[in-house]
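The structure appears right after this line, and notes come after that.
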Amino acid sequence: MIVIGSDHGGLELKNVIIRHLMKRDIKLYDAGTDTNDSVDYPLFAEKVALLVATGEADLGILICGTGIGMSIAANKVPGVRAALVTDIFMAQMAKEHNNANILVLGGRVIDPETGCKLVDTWLDARFEEGRHSKRIEMIDEIEKKYLKQG
């Protein structure tokens, strides 16, 4: 299952991506928001990130105006590798090299067609493992080191 969430700045793109993923017959959970009213993106980033980190969702997609705030907030949750992408190459590398478990998009900086292409590229890519596994383990160790200090 994929969990998807947005703030008001990402709502329009989120709705387009939901329709696109439904056509691909992908099981989804919409974590909100569902209105254009101003909301605080960290709430939605945390909700999606926790569902991914706990394994309740396989992957996540987050969308705010630029994607910057969502990616910063989501990456505060241990076990999350949220990648903000703006082009096809970044979407592919986010999965192949970084095994990103959350894709982050900017609803005000990419058009709906590009957004759907980025999602498809990320979903269809596969983690290459090998030397990249070692680097993911290194990232995990950094996370563990600083969690112990908290």
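Oh and the sequence shown: position 17 is 893 in this note's numbering, straight run, nothing missing. Glycine included, each C-beta is placed from N, C-alpha and C at the ideal position.
Arg895 and Gly936 have their C-alpha atoms some 16 angstroms from each other.
Inclusion of Val928 and Ala907 in the CB contact set at 8 angstroms is not warranted, their separation being larger than that value.
Taking 8 angstroms as the cut-off, the beta carbon of Asn912 is found closer than this to the beta carbon of Leu887. Taking 8 angstroms as the cut-off, the Cβ atoms of Thr962 and Ile944 do not count as close. Distance from Ile893 to Val980 at the Cβ level is roughly 12 angstroms; contact not present, criterion being Cβ atoms closer than 8 angstroms. DSSP places Ser1009 inside the alpha helix (DSSP H), whose first and last residues are 1007-1025. Here Ala921 really is in contact with Leu938; their C-beta atoms are around 6 angstroms apart, less than 8 angstroms. The continuous stretches of alpha helix (DSSP H) do not include Ile902, and DSSP gives it neither H nor E. The alpha carbon of His973 has as its nearest neighbour, out of His1008, Ala959, Met966, Thr990, the alpha carbon of His1008. One thing to note: Asn977 has its Cβ no nearer than 8 angstroms to the Cβ of Val953.
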